[in-house]
Structure formats: structure tokens, C-alpha cells
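**Q**
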Amino acid sequence: MPIRLALGSVVVFVACGNSSVEPMYDAPDGILDSPLSQPPDGFPADAEPDAWEPDTMPPFLASITPVTGTAVWLHAPIRLTFDEPIEATSIAMTVTATLAGSAVPAQLAFEAPSTLIVTLAANVRGVGALDVGITGTLTDLAGNVYSSPIALSFVAPAWSSIAIDRGYAASAPELAVAANGTLYAAWLVGNAGARRVVVSALVANTWESLGGALGASDAGSVAIAIDGNGEPLVAWSEAAQAHVARWTGAWTELTSPGSANTVALVVPPNGEPLVGLFGATAGVRELAGTAWQALGMDITLPSSIANTPCLAAGAARKPVIGWVDAQSQLRVYRYDTSWTAITPIAVSAGSRMSLAARGTALAIAWDQYAGSYGVLAAQLSGVATTWTRLGRALDVDISGNAVAPAVAFDASGAPVVTWTELVETNQRGALARWTGSAWSVVGGVSWLDNAVSSPMRSLIALHANEAAVVATSAAGTVRIARFNGPRIAAAGMTARASIAGCSFAAANPPALLSQTGCFNLATPNRPVPHAGLVPYDVVSELWSDGAKKRRYIGLPDNTGMTVSSNGSWSAPVGTIMIKQFDLETTPGNPATRRPIETRFFVNDATLGWSGFSYKWNVAGTDAQLLTDGVWTFDWQMDDGTQHEHQYPSRSQCRSCHHSSMGPLLGVRSEQLARWNDYNGVIADQLQTLNALGIAPVASAMPFVSAQQPGETWERRMRGYMAGNCAHCHNPSNLSVKDLRYTTPLAQTNLCSSISPGNPSGSQVYQLVTSRPGMPCLGTLAVDPLASQTLAAWISGMTSCP
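The numbering used here numbers the first residue of the sequence shown as 475 and each following residue consecutively.
1) The beta strand (DSSP E) spanning Met827 covers which residue range?
2) Would you please state the rounded distance, in angstroms, between the beta carbons of Ser674 and Ile638? I believe it to be under 8 Å.
3) Please confirm whether Trp1090 and Ala1097 have their CB atoms less than 7 Å apart.
4) Where does Gly686 fall in DSSP's three states?
5) Tell me, please, whether the segment 1003-1019 touches the segment 926-944 by the rule of three or more beta-carbon pairs shorter than 8 Å.
6) With burial defined as no fewer than 16 other Cβ atoms inside 10 Å of the residue's Cβ, what is the status of Leu1264: buried or exposed?
7) Buried or exposed: Gly482, going by 16 or more other Cβ atoms within 10 Å of its Cβ?
8) According to DSSP, which residues form a beta bridge with Asn1077?
9) Helix or strand or just coil, what does DSSP make of Pro903?
10) Could you name the residues of the same chain whose beta carbon sits closer than 6 Å to that of Val806, not counting the 5 residues immediately before and after it, in chain order?
11) Can you tell me which of Ala948, Pro559 and Tyr620 puts its alpha carbon nearest to the alpha carbon of Ile608?
12) Taking a contact to mean a Cβ-Cβ separation below 7 Å, would you say Leu456 touches Ala734 in this structure?
13) Taking the straight line between their C-alpha atoms, what separation do you get for Ala738 and Gln1145?
14) Please return the same chain residues whose Cβ sits closer than 8 Å to the Cβ of Ile1156, not counting the five positions on each side in sequence.
15) Please state whether DSSP places Met1271 in a helix, a strand or coil.
16) Specify the secondary structure class of Asn1150 as computed by DSSP and reduced to three states.
17) What does DSSP give as the partner residue(s) for Ser674 in the beta ladder?
18) If you draw a straight line from the C-alpha of Pro1030 to the C-alpha of Asp1056, how long is it?
19) Any idea what DSSP makes of Tyr1215, helix, strand or coil?
20) From Pro960 to Ser645, what does the alpha carbon distance come to, in whole angstroms?
21) DSSP on Thr420, reduced to helix/strand/coil?
22) Considering only DSSP beta bridges, list what Gln1116 is partnered with.
23) Please return the same chain residues whose Cβ sits closer than 6 Å to the Cβ of Thr892, not counting the five positions on each side in sequence.
24) Can you have a look at Ala693 and say buried or exposed, based on whether 16 or more other CB atoms are within 10 angstroms of its CB?
25) Under the three-state reduction of DSSP, which class applies to Asp507: helix, strand or coil?
26) For Ala985, tell me which candidate among Asn1063, Ala630, Phe1074 and Tyr1239 has the shortest Cα-Cα distance.
27) Could you work out which residue in Gly1136, Gly1154, Ser1134 and Ala1169 is closest to Ala1147 when comparing CA atoms only?
28) Quick one: grab the DSSP three-state call for Thr568.
29) When burial is assigned at 16 or more other CB atoms within 10 Å of the CB, is Phe883 buried or exposed?
30) According to the neighbour-count rule (16 or more other Cβ atoms, all chains shown, within 10 Å of its Cβ), is Gly491 buried or exposed?
31) Please tell me whether Gly975 and Gly991 are closer than 7 Å, where the distance is taken between their beta carbons.
32) Here's the rule: buried if 16 or more other CB atoms are within 10 angstroms of the residue's CB, otherwise exposed. What is Phe1086?
33) Return yes when the Cβ of Ala643 is within less than 7 Å of the Cβ of Ser947, no when it is not.
34) What span of residues does the beta strand (DSSP E) with Met1051 cover, start to end?
35) Does the distance from the C-beta atom of Ala571 to that of Ala583 stay below 7 Å?
36) Measuring straight from C-alpha to C-alpha, what distance separates Ala786 and Leu1259?
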């Protein structure tokens, strides 16, 4: 339909989709005050009335993006487009916004010819209903007034994600966020030998493909950045040659910056684009007009690059490059007028790294193996050439594999790290910020929940150096999520349900697990705990021949725990502590996990603390109470072998759970001071238990786990002994050794059983690596983590106090 523009006594006709102006009719005053029955002079006799009648209709709000009622990212604009051009000087409107009922700053802007844009302040964070109201007036070019109030409602989830699919993803998506909130992603698609580069832009809530696939044969790597004009640049490698293209409505390939097997791309603040070239050497080129200029001499590699290299720049012409090499060294080089090497860090074979720069400050994050993979981070600034480690490993669960970190600096200069991690049977995506003294979970809600595939490398970008966008891919599917909030993680659980319905009579224990009411067993091998059972986990867990465990606290309603004189927590009569033992019938594959034992430890008014074991049936539909005695049972593994599991007697339970360090062993502040995954919500465990009225404290210094990368062998082994040995080996019980974590090594009497530099000749090593040996109860198999950690500790000793 044509658009009619009335300018005083001049009617301008503009055909939709065409910017040309048709002949104008200068009518005498008053001639257009009433409808005309015939076209005025200058119009064809058969012209439709729409072409020459005056515009008397106010503007109509034609579209709103994102669509109301849908999930939004708080940092992307809301666009309101009218059906005809708006007179910019006529806009007299105000905008208000609330998030979860609280007012948040919002701005209204005009985008010619007919769009209003609502944006929230960059520091807005949160979840819940986002309500936007716009009041006031505006007019079209004919002077028709629009005055209807506008009310918009959206939903802000913790993470906003929009599905995207352009074929089988052969790499994790590289990210770039423009100043206007538009998100760009570039990644490889297709099978090896025919991989191509694809790029998409997320405008509001819609992904738009930027042209077709790039590349001619087989792309090997890809990178993306936004240049100083707000235009996307994409780099990729192909046939050992680097390519760079700019998007200006179509892709225009620039001159090749040189040869490379892998490329990286960055645009520093107020600087020109930089591309990193990695192959037989490593170097950086800067775009000068249409040509690339080398920054310094290329670096000769001490060893070949073993994983994806990184490029960052905190200022113009100040690039930083880094990679993990084939010698398991994390190497970083910083450029000023020449390249300077930062002191390398010894990592693990297969470690992945990420690099960020802000001004003269640098930050790195990497994964490292120590019985399992964990994520570590470090930083430096100024002219320093030695890294400063930032706290302990960032893992949610130190015994699970935390991998593929990505690091960035926020607006305050604090490092922010994201990573993926296998927590029990789910891959989680976590985000944490360095507070200056410790890592703090950001938001709390996991940005990834994938129970099948291990994700590839993680990526992170920060819009306006604040709101995080994270990405990875798994099983050929791209996953991208944008963070809304909250800024600070809340407790993992907000309320404690009643324990009513879950009970245990120690004098007359139920014959079947189903009769306790503590689990819903509707799905075989997938017991669901009673809502009143609060999950918890420990830093240094007791070895149980490779069994996986889930732990629960069941307190009588309206009761809590206290700290006893030996440091353990005391629980009131009626408390039910439950530990579920699971077996992966294919070790390392969480999808094969099934329960084999559920153990109750209950505080009875007459019998005191008593333990009871339930053995699951092969069908996984229920578990039967075992009579008192030591039992073993062989469980079928998927490879045809048998796994022998031991079920303890009730007297054996008491022999470990005694008053010298208990009777509750794992429930103590040093063991519970960690993060935990509460069904996709990652939170500080002690703070959560405290908020629920369970924990008597809200913070503590945790044990060092044997799987804590970056720690000394001594501290890792002492942490293992604290969790596995100290409940027996302490001055109040077996005083021959004092293996409490806080006891100085010289006072433990361990050195009497150690031959420095000679693990096999050390009595403590012989006991730990033997069955029967140590521990003397509850285990039939040697813990490989204990034997490896103890051997490494003793091997490195030249003396023992």
C-alpha cells in the first residue's frame, strides 16, 4: 500500500519499497478538507483513491521484536516499528521498566524512519518478568498523533539461549558482541576434508545467516571480531593459508595476512584489527589500510603447538599470544616493541587454555589433570613476567572433569571464567568471577545441561565488558547462551521441605527401601529422593572401590545441626543420613550409572547412631535390607567382568563412626566448604546449608583434595588422609598416627613409615597399596588416586621431618 506524506498543502506520494518521489500536487487551500470524488490534476484518471486522498490515519504499531511474552536478553534492544515514517521532532514519550517488580533504568531512542528502540542500562541484572511501559505522543509526517500507551511484557531467564543450526558443527562457535548488542558467531560446519566457515548474527531473538559458507576446500580454524566501524571480520585457515573477510552486506575477502595452520583475531581498543598466525612459527599481523604488517619478528616455537592457540590485546599494537605446546608447557608472549616471553607453566598433556588482556593486565585459564581435570587461572600486570595463581581450582565437583575454560576481564578489571564440567551425570556450564581473594559463582544457574556429549572448547564474550555470552558445541550442535542474572548467586535451595513421609525405625528397620518413604522408585535405577532430604557433597571423599555416591541429610522439621568439640557436626535424635552408592557398568560413562547400595545412618533415641545397608535388586526397582554381617556381591559390568562390592556390617559402621572424629564424619565444615550443584543451580554449599537452617557455620577453609591441581603432593595427600584415615588415626582413637589435616607433618608420626625417595620401601605406601591393608574396612580394591599421589609425594622427598 502506498505511503502518503502530507507536508502542509503538499501531498507527497511514496510507493512502498521504492524511495522515489512521485509528482507532487500543490492543491489550493481547503481542497483536501473533504474527500475528492475525482483525482486532482496531475494524477491519472484511473488512479486509486489511496494515491491521492489525504493521510488522516495515526501511525500503527506494526511489529515488536522480540515478540512479547518470549524470553529476552536484557542487553539486547527492544524494537517497536510503526507502519509509516515518524516525525523525529514530534516524539514526546517516556519509558519505564521493571524487572521482577523492581524499577530498572531504561532509555528510549529513535531509529529513522519508523522505529523506537528501548534499551536497559548495561548494569541491569536479574531474572523474572520484564515489564516495559511507554507513554506520550508522536506523530507521523502528516501530523497524525499516536498517543496510545504501550505495555510490553517479557521473561528474563538466568540464561537466554536461541537455537541455531547451520549443519553439523565441527568446532565450538567463536563469539563477538557489537556495541549495539548484536551477537555474532562463527564456526566450522561439515566433515573433515570439506569443512566450511559459517557466520550468523543474533538480532533481537532471531538468528540471521551472514551470507553463505566461506572457504573453498577444507577450513581448519576460524575466528571473529568486530572492527572499529562495527563491522564483523572473520578469519580462517585453509590449505596452510590465512584468510580474512569483512562483512558489509556481503563478504569481501581482504589480502591474505600469510601462511598459518591456525588463526586468531582481535580488535584492540582504539586499534586496528590484529590476526594471529600459528604454524611452524607464531606471529601477529596488523591491518594497515588494505595490507597486513608484521608486528616484530615471528616467534620460533620451542615445541609444536598442541592445542588451540589464543590471541588477546588490551591496547592498540599490544598483542599477547599463547598456547599449550607438545611439551605440556603453557607459553605466553607479550608484544611491546618486541616479543617478551612470560614464564611458562607446566600443565598436562591435552590441556586447553584461554587468554584475556585489559590494558597491561593479562589473565589465563587452563584445565589440568590431577586424578581428574580441574580449571585453574592466573594473572599478571605491568612488566611482570611471572604469573600469580588465582585461588584454587574452580571446579564445582573436584572429582569430576572440569574442562575447556574461557577467560575475560569485566568492566572492573576482574577476571571472569567459564568452563564445562561433568557433575554426576550432567554436563554443566559454570561462570565465576575473581573477587580479589576468592572465586565467586556468577548467577548460579548452569548455562549448560547436557547429559550425553562432552562439550568442545568453551568461548566467552562480554557485552560492554559486563554481560557474559558463552558458547560451546557438543555432538555437532552449537550451544550459545546470554547471561541475564542474578549478578550474585543465591543459595542453591531456597526452602527446606518437611521430612514427613520419610522415616526410619532403627529398632524395627523396614525390609525394603521403598517402605522407608525416602525415595520414589517409579523409574528403575533412578531413585528420586524425598523432598525433605537435602543433598550435600564433600571435598575429600572416602574411597569405596570406585563407587559413585550421592549423599543426603534428613533432619526432623524445624531442627538444625551444631558443631561438636571434635569439629564434626552434631545432629538431633531422629536425623537420617543417607548415602547412595552407584556403579558405572561402563566406567567413565555416566549414562550406565545404576544404584547398588543405599546406606542409612540414623540417630535413634534408644540405640544412638546406627547403620543399615540396603542392597539393590538387579532390575533396579527396589533394595532389600541386609541382615547384620559383612556381605559382598558381584555386579555385572558391560564388558563381561564382575565388580565386587562390599556391604559393611552394623558393627563396622560403628567402628568408623565413633566419637573421636564423629560420629558424623563427612559432615564437618572443612569437608563441606565447596560449591555444589543443586539440580542445575550452582551455589556455595555451606551458605546454602546455613540458609536452610542446617549448617552451624557459613564459611570455612576446606581440605585440599587429592585431585586439586596446582597443589603440592604433600597437601594433596594430607587432604586424602583427612577424608580416608583421620577418623581412626587421631589422638582420641588410634594414636599411633595422627592424620588430622591440621596436624603438622612432624607431629603425625608418618615419617616413621616413610623412606624418602623410595615409595615401595615405605611402610605407609605398602599398606595403602595392599588389600588387606589401609583402609582396613569397607574396601576390596586399591585406590589408584591414593597410590599415585602417595608415590609422587614420597618420590619427591629428600627428607621427612
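Backbone N, C-alpha and C define an ideal beta-carbon position, used for all residues, glycine too.
**A** On the basis of the coordinates in this document:
1) Met827 to Arg832
2) 6 Å
3) yes
4) Coil.
5) no
6) Leu1264 should be labelled buried.
7) Because the pLDDT of Gly482 is 33, which lies under 50, any placement of that residue in the model is unreliable, and the question is left without a value.
8) Trp1083
9) Note on residue identity: the sequence assigns Gly, not Pro, to residue 903. Reduced to three states, the DSSP call for Gly903 is strand.
10) The residues are Gly796 and Ile816.
11) Tyr620
12) Shown here, the chain extends from 475 to 1275; a query on residue 456 therefore has no answer.
13) 42 Å
14) Val870, Arg902, Ala904, Val915, Gly918, Val919, Ser920, Ala963, Gly966, Trp1149 and Asn1150
15) coil
16) strand
17) Ala659 and Ser683
18) Per the coordinates, the alpha-carbon of Pro1030 lies some 26 Å from the alpha-carbon of Asp1056.
19) DSSP places Tyr1215 in coil when its eight states are reduced to three.
20) 30 Å
21) Outside the displayed span of the chain (475 to 1275) sits residue 420, for which this structure offers no information.
22) Gln1110
23) Close CB contacts of Thr892 within its chain, under the 6 Å cut and outside five residues either way in sequence, are with Ala880, Leu905, Ser932, Ile934 and Val944 (chain order).
24) buried
25) Only weak support exists for where Asp507 lies, its pLDDT of 41 falling under 50; the value from the coordinates is given anyway. The answer is coil: DSSP assigns Asp507 none of H, G, I, E or B.
26) Phe1074
27) Looking only at Gly1136, Gly1154, Ser1134 and Ala1169, the smallest Cα-Cα distance to Ala1147 is reached by Ala1169.
28) strand
29) buried
30) Residue placement at Gly491 is flagged as unreliable, the pLDDT there being 35, under the threshold of 50; the coordinate-derived value follows with that caveat. Looking at its Cβ environment, which holds fewer than 16 other Cβ atoms inside 10 Å, Gly491 is exposed.
31) yes
32) By the 10 Å Cβ count, Phe1086 comes out buried.
33) yes
34) Ile1050 to Glu1058
35) no
36) Those two C-alpha atoms are separated by around 37 Å.
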